[in-house]
Amino acid sequence: MAKSLQIISFIIWLIRCFFSIWIRLGFRLIYGNQKFRLPPITNQLLLLPATVIAKRIRERRVTSYEVVHIYIERTRAIQPYLNVYVDERFSEALIEAQEIDRILDAVANGQRLLPDEWTEERAPFLGVPFAIKESMEYPGFHNSTGIAARKDFISTRTATSVAHMLKAGAILLCNTNVSEGCMWFESRNSLYGRRNNGYDLRG
C-alpha cells in the first residue's frame, strides 16, 4: 500500500513538472524575455525603513496622514497586479493617522505634553502603517488561512503579535493573502487565488 502511494505521488510530481515546463516555454514563446512589472514607485517614502519614517513623523518632517495615504495609494495601485490584500481598513487608518498628527502638532506647539504611552521607547512605530497576514487575527478581518471551508470565519480577537504592533503606535492597513493553510511555498489558495510575484508577474 505504502509503495503504491509512493508511485502515485511520483507520477503526480512528474505530471506537474511536465506541465510546469511547457507552460513556462509557452510564455517564453509568446512574450519572449519581457517581464511584466508593477507600476514604478514614485514616492521615496515607500523605500524608507519603518524606524526612519517614525523618526520623521516625530520630528514633524512628514505627517502620519501623508505616510498612511501614500501606502494606501500604493497598495491600491498594486492590488490588480498582485492580489495582495484580503481585508482593508483604509478609512479607519487615515482617521487614526489624523489623530496622531493632531496630538503631535499640539505637543510641538507646546499646547500639551506627549502621552506617556507615546514615548519613543514605548511607541517606536508611532504613525507608521503596517499590514498583517490573513492568518493573523484582528477583529472584523477574515481568518480563513486561504481554506474555502473557513471562508466565513471572521476574527473576534486581536493576535498577540498584532497587539504588540498596535501598542508600539503602528497603524494597521490590511491583511494580506496567504498560501492555503499557510503550508505552501507560494501564496496560492482556492479561496482568494494567487498572490503574484512582484518582480515578475509571470512567476
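The sequence shown begins at 137 in this note's numbering and counts up one residue at a time.
Even glycine gets a Cβ: it sits at the ideal position worked out from N, Cα and C.
Note that this is a predicted model, so its numbers are computed, not measured.
Spatially closest choice to GLY263 from ALA295, THR199, PRO216, LYS269, by CA coordinates: THR199
Reduced DSSP category for GLU253 - H, G, I as helix; E, B as strand; rest coil: helix
N- and C-terminal bounds of the beta strand (DSSP E) containing ALA267: 265–269
Helix, strand or coil at THR312 according to DSSP, with G and I counted as helix: strand
Cβ contact check for the region 244–254 and the region 285–296: 3 or more pairs under 8 Å: no
Whole-angstrom distance between GLY317 and ILE283, CA atom to CA atom: 6 Å
CB contact flag (LEU218, GLY334, <9 Å): yes
Option in LEU308, ASN313, LEU302 with minimal Cα separation from TRP254: Ranking the options by Cα distance to TRP254, first place goes to LEU302.
THR312 versus ILE147 - alpha carbon distance: 34 Å
Neighbourhood of ILE206 by C-beta, 6 Å cutoff - its chain only, sequence neighbours within 5 removed: ASN179, LEU181
Distance CB(ARG210)-CB(LEU337) smaller than 9 Å: no
Span separating the alpha-carbon of GLU232 from that of GLU270: Cα-Cα distance, rounded: 21 Å.
Beta-carbon contacts of PRO265 that lie in its chain and below 6 Å, excluding the five residues immediately before and after: VAL204, TYR207, ILE307, LEU309
Inter-residue Cα distance where the pair is PHE226 and LYS139: 53 Å
Among VAL220, ARG238, MET319, ALA267, the one whose alpha carbon lies nearest that of SER297: ALA267
TYR221 - partner residues in DSSP beta bridges: Looking at the DSSP output, TYR221 sits in a beta bridge with THR312.
Cβ neighbour criterion (16 or more within 10 Å) applied to PHE321: exposed
CA nearest to the CA of LEU240, picked from GLN215, MET272, ALA190: Nearest option by C-alpha distance: ALA190.
Complete runs of the beta strand (DSSP E) confined to the region 192–239 [at least 3 residues]: Secondary structure in the region 192–239: the beta strand (DSSP E) runs of 3 residues or longer, each lying completely within the stretch, are 221–224 in chain order.
DSSP-derived helix/strand/coil call for ILE307: strand
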